[in-house]
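First the structure, in the form of structure tokens, and then the observations on it.
In our numbering, the protein residues as written are 15 to 466.
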């Protein structure tokens with residue numbers, strides 16, 4: 015379905031709303047979704063109109079996964095959903111079908127799915143991300159000439175995807191053919207090209223780019239044929255001095271799940287990391303978020319939030335969203351005491367450190383096995399699955415190195431631990447039932463309800 019027709023977009027969105035009404039709590043639907051309208055439907059994007067900047071922000075931050083899921087069910091295709099505020103309709107109203115097609119044909123248009131909210135101006139710079147920001151900015155301003163490829167790595171939720179989109183939004187505005195894809199999207203497009211005998215078209219599409227932005231490259235693990243396709247795409251673009259930017263969740267030297275020739279190519283550019291923000295940066299992020307949402311929160315509450323050592327910026331912003339939503343529902347300003355009560359169940363500070371013993375105990379309890387089995391050499395299904403889950407959680411929930419995790423789990427080497435972690439990560443990406451196991455164990459770890 016490819017059209018810029020408002021009526022068609024609104025019909026499609028009303029179909030989605032019917033499914034969402036059954037999928038989310040009634041008060042959530044009435045508060046956030048009921049008044050929305052479908053605005054524009056193009057090849058891969060559904061634009062939805064909301065009544066306020068805060069509503070748009072809330073839907074994107076808190077409800078986007080379920081919305082995109084219901085869009086997929088309703089339209090039988092993957093669409094990126096973006097939100098605009100009522101009054102911005104004029105920005106889209108001149109785009110009929112022919113204009114949309116012409117825009118796609120122009121060489122100076124972006125053919126990627128870029129989130130315009132993620133721009134350099136909205137990226138809060140601090141000591142933890144200053145180098146990554148500077149490198150991203152340099153690449154955007156002079157693509158293909160400095161730092162090519164650029165590799166940005168960090169834990170989840172710290173801003174590397176924001177920087178990828180910021181680069182893409184900048185370069186597409188300057189007329190460069192830009193594409194942002196996740197490794198899953200790259201894989202799906204590559205596999206589809208093979209199934210439909212259109213590999214030449216796939217090659218031409220990607221090799222005609224000026225800027226390629228690939229997110230979460232670690233999820234190409236185990237996909238040898240897709241890695242082959244990426245390797246040749248990389249070589250072709252690099253030879254033509256086209257800019258390549260890659261994001262991942264670990265340093266290049268730990269990307270042992272990828273072919274060595276790929277990691278060797280990535281090592282030839284610049285690698286930068288993004289660290290968790292410190293207090294001053296967290297406070298600046300909160301202030302920027304309040305300004306963006308046009309909502310005033312007292313300095314005492316913002317400082318209280320900034321003191322909390324969240325695992326990611328998303329969690330930090332999520333707490334602020336809870337406070338704003340509470341104030342809007344109650345139609346009153348929130349006090350510091352009420353804020354503390356509201357967030358008490360969500361706070362995990364430096365004092366709530368999860369240890370390797372916590373993880374081993376929680377995983378053993380969940381799978382009803384002994385820690386000796388978890389750390390031992392047995393290779394039956396439950397032993398292997400539980401051991402890989404332990405590797406994943408030790409990697410995600412603690413600061414332990416791969417070597418240290420391997421030592422805890424019976425003296426295994428770091429490559430075994432990395433393989434176990436990535437195996438679980440790939441299953442999560444495929445929505446395997448293991449997602450439920452991970453969720454239950456994480457709740458136990460964070461609630462600290464199990465006995466030590």
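Ideal Cβ placement from N, Cα and C applies to all residues, glycine included.
These numbers come from a predicted model, not from an experiment.
- Its chain contains 65 as the residues whose beta carbon lies nearer than 6 Å to that of residue 49, once the 5 sequence neighbours on both sides are disregarded; these appear in chain order.
- Residue 334 holds the alpha-carbon nearest to the alpha-carbon of residue 301 among 165, 69, 334, 280.
- The alpha-carbon separation between residue 131 and residue 394 amounts to approximately 48 Å.
- DSSP places residue 387 in the uninterrupted alpha helix (DSSP H) bounded by 385-389.
- Secondary structure of residue 258 (DSSP, three-state): strand.
- Contact between residue 223 and residue 175 does not hold, since their C-beta atoms are separated by about 19 Å, which reaches or exceeds 8 Å.
- In this structure, DSSP gives residue 97 an extended state, which the three-state scheme calls strand.
- A contact between stretches requires three or more CB pairs, one per stretch, nearer than 8 Å, and the segment 276-286 fails this requirement with the segment 311-328.
- Put simply, the segment 249-264 touches the segment 161-174. At least three CB pairs are less than 8 Å apart.
- Looking from the CA of residue 161, the closest CA among 454, 26, 225, 349 belongs to 225.
- According to DSSP, residue pairing for residue 229 in a beta bridge involves 196.
- Excluding the 5 residues flanking it on each side, residue 129 has same chain C-beta neighbours closer than 6 Å at 179, in chain order.
- The count of Cβ pairs closer than 8 Å, one atom from the segment 288-303 and one from the segment 266-275, stays below three, leaving the stretches out of contact.
- Here residue 286 is not near residue 172, since their CB atoms are 8 Å or more apart.
- As the crow flies, the alpha-carbon of residue 408 is around 9 Å from that of residue 372.
- For the pair residue 219 and residue 133, the Cα-to-Cα distance works out to about 25 Å.
- Shown here, residue 299 sits in a helix according to DSSP, grouped into three states.
- If the five residues before and after residue 353 are omitted, its C-beta is found closer than 7 Å to the C-beta atoms of 315, 318, 337, all from its own chain and listed in chain order.
- Judged by pairs of C-beta atoms under 8 Å, the segment 60-78 touches the segment 87-101, as three or more such pairs exist.
- Within its own chain, the residues whose Cβ lies closer than 8 Å to the Cβ of residue 377, once the five positions on either side in sequence are excluded, are 388, 400, 403, 404, 407, 455, listed in chain order.
- The bridge partners DSSP lists for residue 167 are 262, 287.
- In this structure, the alpha-carbon of residue 135 lies about 15 Å from that of residue 307.
- For residue 196, the closest of 78, 209, 424, 127 by C-alpha to C-alpha distance is 127.
- Beyond the five residues adjoining it in sequence on each side, residue 428 comes within less than 7 Å, by CB distance, of 416, 417, 420 in the same chain, given in chain order.
- For residue 140, the closest C-alpha among the options 248, 52, 229, 327 is that of 327.
- Rounded to whole angstroms, the Cβ separation of residue 275 and residue 251 is 15 Å, and the two are not in contact under 8 Å.
- For residue 63, there is no enclosing alpha helix (DSSP H); the enclosing beta strand (DSSP E) covers residues 59-64.
- Between the beta-carbon of residue 436 and that of residue 232 there is about 7 Å, and that keeps the pair under the 8 Å contact cut.
- Annotated three-state conformation of residue 292 is coil, per DSSP.
- According to DSSP, residue pairing for residue 52 in a beta bridge involves 62.
- Per DSSP, residue 76 lies in no alpha helix (DSSP H) and is assigned neither H nor E.
- Here residue 223 carries a coil assignment [DSSP, helix/strand/coil].
- Annotated as proximal: residue 441 and residue 448, with beta-carbon spacing under 8 Å.
- A direct Cα-Cα distance of roughly 10 Å separates residue 305 from residue 299.
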